[in-house]
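Asker: Here the sequence shown stands for residues 13 to 410, numbered as in the numbering used here.
For glycine and all other residues, C-beta sits at the position ideal for the given N, C-alpha and C.
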Amino acid sequence: MATPATTEALRRELERLEQADLYRRRRIAAWSPELGPAELVVDGRRCLAFCSNDYLGLARDPRLAEALAAHARTGGTGSGAAHLVAGHGPEHQALEEELAEFTGFPRALLFSTGYMANLGLLGALAERGDLVAEDRLNHASLLDASRLSGATVRRYAHADAAAAVRRLQGAARRRFIVTDGVFSMDGDAAPLAALADAARRHQAELLVDDAHGLGVLGPEGTGSVAAAGLQPADVTALVGTLGKAFGTFGAFVAGGEAVIETLVQRARSYIYTTAPPPPLAAATRRALAIARAEPWRRARLETLVARFRHGAATLGLRLLPSATPIQPVLAGSSGVALQAAAALFEAGLWVTPIRPPTIPAGTARLRITLSAAHEEADVDRLLEALATVAALRAEAGA
Ligand SMILES: Cc1ncc(COP(=O)(O)O)c(C=O)c1O
């Protein structure tokens with residue numbers, strides 16, 4: 013038990029969060045085969061969900077479940093050790109090779125999560141005396157990673173390559189430009205061509221976290237780098253996650269031989285942790301093959317995004333400039349975001365309100381995400397419900 017003084021201080025802070033509409037609550041969400049692919053039972057209520065990162069609709073694909081179960085039966089469930097001890101199996105190795113081939117980089121290295129991949133990457137490459145320029149809307153894991161590395165961290169104005177360059181001025185051993193490929197809470201794409209050009213001109217390393225672009229953007233879903241017309245050689249390292257478009261769990265870093273081998277030797281979040289379960293690697297290999305072979309999933313997403321944006325703009329909702337399946341609707345205050353999400357939930361639609369500190373103060377939003385598991389009729393149902401949420405329209409000045 014915490015001491016009475018600490019307990020009291022924690023209680024006061026929790027009350028402050030509650031009063032500021034910033035308290036977060038988990039809901040229990042369950043899927044079972046009798047539900048539609050985008051449906052969930054949430055706290056006992058059947059809902060159509062618009063808040064998952066399962067962009068390609070693979071998380072409940074029976075082919076992935078079969079790959080996972082088959083490998084668990086014949087190869088066991090757990091890896092039993094870290095990759096460098098005894099935990100690196102043939103499925104991990106094959107998946108790394110396939111991810112390298114998919115992304116076009118010489119090598120790829122698996123991590124247990126995207127958060128850990130970012131910690132490992134920046135921790136291994138950057139140190140005190142280095143300069144890291146981070147987009148101010150980068151994912152928290154990238155910001156935490158560069159801060160933990162000991163380097164000097166400077167945040168630049170969102171999606172502004174010239175501002176990134178200004179942040180790299182001064183003496184340094186190494187310079188880094190670090191960006192999300194697709195911004196997780198806004199859905200817009202980083203100006204990767206301009207950032208790559210800036211990195212080249214200023215001898216900086218460009219690190220791209222494409223958690224929300226891989227599988228979704230570019231030819232065969234190869235991600236934001238290809239979608240921006242760049243080659244893998246334009247980027248020092250690419251981070252990809254496997255728990256979003258690929259429908260499983262985990263992450264990887266792709267890069268050149270020297271970068272990846274440095275991660276093997278130095279990335280603490282790689283070395284000092286148990287390797288992911290091998291059946292998960294088997295399921296991810298299946299997901300990767302399906303994602304490449306079924307372009308209809310990306311085509312459907314494009315159709316759904318266009319349909320949603322057209323409908324939401326007609327309703328006078330405040331959208332952000334996003335062409336990806338992440339389609340936030342601005343609410344402004346946390347209270348309005350909570351109220352709007354609650355109204356949608358009553359109508360059987362699950363959308364999560366996103367509030368500070370995840371996003372800047374005054375920009376609370378409904379983070380609506382679309383998936384190839386949705387039908388056009390699902391988007392229409394969401395739009396009909398949004399039309400009835402007066403709080404959102406009032407906030408938009410409608
Ligand atoms: C841009 C970005 N990077 C990294 C992560 C972390 O990935 P993971 O969930 O695999 O830890 C996320 C979200 O979870 C993300 O949105």
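Tell me whether threonine 115, by its Cβ, gets closer than 7 Å to a heavy atom of ligand 1.
Answerer: The answer is no for threonine 115.
Asker: As a quick exercise: from Ala223, Gln351, His151, Pro289, pick the residue whose alpha carbon is nearest that of proline 369.
Answerer: Checked all of Ala223, Gln351, His151, Pro289; the closest Cα to proline 369 is His151.
Asker: Cβ of tryptophan 3 within 8 Å of Cβ of valine 53?
Answerer: Nothing in the structure corresponds to residue 3, since the chain is present only between 13 and 410.
Asker: With a threshold of 8 Å on Cβ separation, who are the neighbours of proline 288 within its own chain once the five nearest residues in sequence on each side are excluded?
Answerer: Around proline 288: Ser91, His104, Leu122, Ser124, Phe261, Gly262.
Asker: Which whole-angstrom value describes the C-beta separation of serine 383 and proline 337, a residue pair presumed to lie in contact below a C-beta threshold of 8 Å?
Answerer: Indeed, because the Cβ distance is near 7 Å, the residues count as touching under 8 Å.
Asker: Okay, do the region 24-34 and the region 324-331 touch, 3+ Cβ pairs below 8 Å being the bar?
Answerer: No, they do not touch.
Asker: Report yes if the CB atom of alanine 129 is closer than 8 Å to the CB atom of arginine 148, and no otherwise.
Answerer: No, the pair does not count as a contact, with Cβ atoms beyond the cut-off.
Asker: With distances taken from CA atoms, which of Gly101, Pro340, Ala399, Ala176 is nearest cysteine 63?
Answerer: Per the Cα distances, Pro340.
Asker: Leucine 275: buried (16+ other C-beta within 10 angstroms of its C-beta) or exposed?
Answerer: With 16 or more Cβ atoms within 10 Å of its Cβ, leucine 275 is classed as buried.
Asker: Say whether chain C places a C-beta atom closer than 8 Å to the C-beta of leucine 254.
Answerer: Going by chain labels, chain C is absent from the structure shown, which holds only one protein chain.
Asker: Between the region 193-211 and the region 221-231, do at least 3 Cβ pairs fall closer than 8 Å?
Answerer: Short answer: they touch.
Asker: Determine the burial state of histidine 322: buried for a count of at least 16 other Cβ atoms within 10 Å of its Cβ, exposed for fewer.
Answerer: When all chains shown are included, histidine 322 counts as exposed.
Asker: Tryptophan 362 by DSSP, collapsed to three states: which one?
Answerer: Three-state DSSP puts tryptophan 362 in a strand.
Asker: Evaluate the contact criterion for the region 108-116 versus the region 132-140: three or more CB pairs, one atom per stretch, below 8 Å.
Answerer: The region 108-116, when compared against the region 132-140, does not touch it at the 8 Å Cβ threshold.
Asker: Comparing C-alpha positions only, which one of Leu180, Ala175, Ala173, Leu47 sits nearest to alanine 163?
Answerer: Per the Cα distances, Leu180.
Asker: Evaluate proline 231 with the Cβ neighbour count: other Cβ atoms within 10 Å of its Cβ, from every protein chain shown; 16 or more gives buried, anything less gives exposed.
Answerer: Burial call: exposed.
Asker: Helix or strand or just coil, what does DSSP make of glutamine 277?
Answerer: DSSP places glutamine 277 in helix when its eight states are reduced to three.
Asker: Which word fits glutamine 351, buried or exposed, when buried means at least 16 other C-beta atoms lie within 10 angstroms of its C-beta?
Answerer: Its Cβ being crowded by 16 or more others within 10 Å, glutamine 351 is buried.
Asker: Measure the beta-carbon distance from leucine 300 to leucine 242 and round it to whole angstroms, keeping in mind my assumption that it falls under 8 Å.
Answerer: That belief does not hold up - the Cβ atoms of leucine 300 and leucine 242 are roughly 21 Å apart, past 8 Å.
Asker: Which term fits proline 307, buried or exposed, when burial requires 16 or more other beta carbons within 10 angstroms of its beta carbon?
Answerer: By the 10 Å Cβ count, proline 307 comes out exposed.
Asker: Between which two residues does the alpha helix (DSSP H) carrying leucine 134 extend?
Answerer: Unbroken alpha helix (DSSP H) run through leucine 134: 126-137.
Asker: With which residues is alanine 61 paired in a DSSP beta bridge?
Answerer: DSSP lists Trp362 as partners of alanine 61.
Asker: Quick check on arginine 36: buried or exposed, where buried means 16 or more other Cβ atoms within 10 Å of its Cβ?
Answerer: That one is exposed.
Asker: State buried or exposed for proline 74, treating a residue as buried only when at least 16 other CB atoms are found within 10 Å of its CB.
Answerer: Exposed, because fewer than 16 other Cβ atoms sit within 10 Å of the Cβ of proline 74.
Asker: Identify every run of the alpha helix (DSSP H) within the region 193-228, keeping only runs that are complete inside it and at least 4 residues long; order them along the chain.
Answerer: Runs found: 204-213.
Asker: Quick check: the Cα distance between alanine 208 and aspartate 246, rounded to an integer number of angstroms?
Answerer: Approximately 6 Å between the Cα atoms of the pair.
Asker: Go ahead and pull the three-state DSSP assignment for leucine 331.
Answerer: Note: leucine 331 maps to strand in three-state DSSP.
Asker: Can you give me the C-alpha to C-alpha distance between proline 244 and leucine 70, rounded to a whole angstrom?
Answerer: Whole-angstrom Cα-Cα distance: 26 Å.
Asker: I'd like the list of long-range same chain contacts for threonine 253, defined as Cβ closer than 6 Å, with 5 residues on each side in sequence excluded.
Answerer: Answer for threonine 253: Gly126, Ala223, Ala263, listed in chain order.
Asker: By how many angstroms is the C-alpha of glycine 101 removed from the C-alpha of alanine 94?
Answerer: If I take the Cα positions, the gap works out to 11 Å.
Asker: Which same chain residues, not among the five before or five after glycine 99, have their C-beta less than 7 Å away from its C-beta?
Answerer: Excluding residues within five positions, the ones whose Cβ falls inside 7 Å are Ser91, Gly92, Ala93, Thr286, Ala287.
Asker: For a test of the three-state rule: what should DSSP assign to valine 165, helix, strand or coil?
Answerer: In the structure shown, valine 165 sits in a strand (DSSP, three-state: E or B).
Asker: Looking at ligand 1, does it come within less than 7 Å of threonine 253, judged from the CB to the closest heavy atom?
Answerer: Checking the Cβ of threonine 253 against ligand 1 gives yes.
Asker: Quick one: what's got a C-beta closer than 7 Å to arginine 312's C-beta in the same chain, skipping five residues either side?
Answerer: So the qualifying residues of the chain are Ala384.
Asker: Report all residues from its chain with a CB closer than 8 Å to the CB of threonine 326; omit the five preceding and five following residues, and keep chain order.
Answerer: Hits under 8 Å: none found.
Asker: In terms of residues, what are the limits of the alpha helix (DSSP H) holding threonine 375?
Answerer: Run containing threonine 375: none; DSSP gives neither H nor E here.
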